[in-house]
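Read in order, the letters of the sequence shown correspond to residues 1 to 347 in the working numbering.
Glycine included, every Cβ here is placed at the ideal spot set by N, Cα and C.
The next block holds one structure in the form of C-alpha cells; read it before the comments.
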Amino acid sequence: MATIRPRRATSNGNGGGNDLLRQLTGRVVGQPQAANQIVPYIQMHQAGLAPEDRPVGVFLLLGPTGTGKTRTVEALAEVLHGNEKQLLKVDCGEFQMEHEVAKLIGAPPGYLGHRETPPMLTQQKLSSVASEACDLSLVLFDEIEKAAPSMVRLLMGVLDKASLRLGDNTSVRFERTLIFLTSNLGAREMQKEMQPDFGFEALVPCSAPRSVPHATRKLDRIGMGAVRRKFPPEFVNRIDAVITYQPLGADALAQIVDQQITVLERHIRNRLGERAFELRVNRAARQLLLRRGTSSEYGARELKRTILRCLTQPLAAMTANGEIPPDAIVHAELNPDGENLVLTVVV
Ligand SMILES: Nc1ncnc2c1ncn2[C@@H]1O[C@H](COP(=O)(O)OP(=O)(O)O)[C@@H](O)[C@H]1O
Ligand SMILES: [Mg+2]
Numbered sequence: 001m002a003t004i005r006p007r008r009a010t011s012n013g014n015g016g017g018n019d020l021l022r023q024l025t026g027r028v029v030g031q032p033q034a035a036n037q038i039v040p041y042i043q044m045h046q047a048g049l050a051p052e053d054r055p056v057g058v059f060l061l062l063g064p065t066g067t068g069k070t071r072t073v074e075a076l077a078e079v080l081h082g083n084e085k086q087l088l089k090v091d092c093g094e095f096q097m098e099h100e101v102a103k104l105i106g107a108p109p110g111y112l113g114h115r116e117t118p119p120m121l122t123q124q125k126l127s128s129v130a131s132e133a134c135d136l137s138l139v140l141f142d143e144i145e146k147a148a149p150s151m152v153r154l155l156m157g158v159l160d161k162a163s164l165r166l167g168d169n170t171s172v173r174f175e176r177t178l179i180f181l182t183s184n185l186g187a188r189e190m191q192k193e194m195q196p197d198f199g200f201e202a203l204v205p206c207s208a209p210r211s212v213p214h215a216t217r218k219l220d221r222i223g224m225g226a227v228r229r230k231f232p233p234e235f236v237n238r239i240d241a242v243i244t245y246q247p248l249g250a251d252a253l254a255q256i257v258d259q260q261i262t263v264l265e266r267h268i269r270n271r272l273g274e275r276a277f278e279l280r281v282n283r284a285a286r287q288l289l290l291r292r293g294t295s296s297e298y299g300a301r302e303l304k305r306t307i308l309r310c311l312t313q314p315l316a317a318m319t320a321n322g323e324i325p326p327d328a329i330v331h332a333e334l335n336p337d338g339e340n341l342v343l344t345v346v347v
C-alpha cells in the first residue's frame, strides 16, 4: 500500500504532513480552489484507494501569468518533500518541434545521437524527486500549449496508462506521480472578461461575494473552451481536474509582498549567523514594492526581482561594507521623492 509518512519537522517549521490543505493554502495566496482540488487526490493515495494503472492525479492549471500556477507545484514539493525544487519540470517550450521529442524519451538505439541523447524522463529521475517522507513524484509539464503534437500523443499514454515508452523500448511507470499541466490558454480572454474597464475589483467587489462564484464559473468556461479548441477530446478527458487561477486582487498581492519580505527576513536570520540584523519594512515601503513588482499583466511575477533590487542587493552591499553592526535594526522606508527606498541603520 502506498504511504505518506508524516514529514519530520524541519527548520522552516512546516511540521507534519497531515495538514496539507492548510499548508498549501497558506503558501499559494488567493487561490484556495487549487488546494481544494488537489489535496483529495493525495489523500486517496495516502489511503491506498487511488485507482491502479494511472497517475494518482492529473491537473490542468489555467489562468493568467503570475497568479501562482507554477508556484502551486513548488509549494506542494515543499510541503510533501521539504524542498520546493524537488519536482521534475518539463518545459514544453523546448519541445515545439517534432524531432525534439527525442530529448524527452531518448533516441532509439542505432539512431544518430543515441548516446548523446539520454532521455529526460526516466524511472530513476522520477524516483529521485520522491522522498523518504512521501513516495509521490511531482511532474510538471509547463506551458503545454507549446508542445508539438507528437509530445501531446506521448502525454496521452502517460495520462491514460501511466506509462511512457522510451526510445530504447523500456517503459517508465507513472503510477506514483501527480501530473500538473500548466497553460495560459484562454488567459487573455479571461483578463478581458475580468477587467473590461475598471479592474478585477470592479467586477467582484468585496461587498458582493455572491458574484464571485459566477465570475469563477465564467473563467472556467473560457479556459475550457480554449483548451477544447486546442487539444483532442481524448486528451481533455484524461484530466482529473481543471483548476482556473483567478487574477490576483490588491489584497492578495499585498499578502504576497508580506510573504516574500518574511522569506527575506528568515534568510537574513539563517544565512548571516552572527552578522544577522533585523529588517523592518514599513507600510509605505511595502506599497512601493507592490506598485513596482506587480501588475495586472504579469501578476506577482516581477515581485521577487523587485525585492531583490530594492532590498536584498542594497542590504548585501551594506553588509559587505561592514555598515550593519550585529543586532542592528535596518528600517526600509520611502524616500521623500516617493520613488525609492531608503535603508537606515539603527544600532
Ligand atoms: N498566488 C500566489 N501566491 C504566492 N505567490 C505567488 C502567487 N502568484 C504568484 N506568486 C509569486 O510570483 C511568482 C511567479 O508566479 P508563478 O506561479 O510562476 O506564475 P504562473 O501562474 O505564471 O505560473 C512566484 O514564484 C511567486 O513568487
Ligand atoms: Mg508558470
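Closer than 7 angstroms to some heavy atom of ligand 1: that does not describe the Cβ of K85. Boundaries of the beta strand (DSSP E) around D142: S137 to D142. Where G57 is concerned, there is no enclosing alpha helix (DSSP H), although the beta strand (DSSP E) around it starts and stops at G57 to L62. Taking C-alpha positions only, Q191 is separated from A250 by approximately 15 angstroms. Counting C-beta atoms within 10 angstroms of its own C-beta, P213 has fewer than 16 neighbours from the protein chains shown and is therefore classed as exposed. In this structure, ligand 1 has a non-hydrogen atom nearer than 7 angstroms to the beta-carbon of I256. In the assembly as shown, M151 is a buried residue. Its beta-carbon has 16 or more other beta-carbons within 10 Å. Comparing alpha carbon positions, the residue from T122, G273, Y245 and E84 closest to A35 is Y245.
Ligand 1 never approaches A320 closely enough for any of its heavy atoms to be under 7 angstroms from the residue's Cβ. In terms of CA proximity to L303, V263 leads the group F277, V263, L272 and N321. A residue is listed when its beta-carbon falls short of 6 angstroms from at least one non-hydrogen atom of ligand 2; in chain order these are K69, T70, D142 and T182.
With 16 or more other Cβ atoms from the protein chains shown falling within 10 Å of its own Cβ, G223 counts as buried.
Here the alpha carbon of T312 sits roughly 41 angstroms from the alpha carbon of H45.
In the three-state reduction of the DSSP assignment, G48 falls in the coil class. A straight-line Cα-Cα distance of about 18 angstroms links Q37 and G48.
Closest option to L164, judged by alpha-carbon separation, among Y41, P55 and V29: P55. Nearest Cα to G322 within the set R275, I307, F235 and V236: R275.
Bridge pairing for F277: absent [DSSP]. The stretch 268-283 makes no contact with the stretch 218-235; the number of CB pairs closer than 8 angstroms stays below 3. Secondary structure note for K304: its alpha helix (DSSP H) is the uninterrupted segment L303 to I307.
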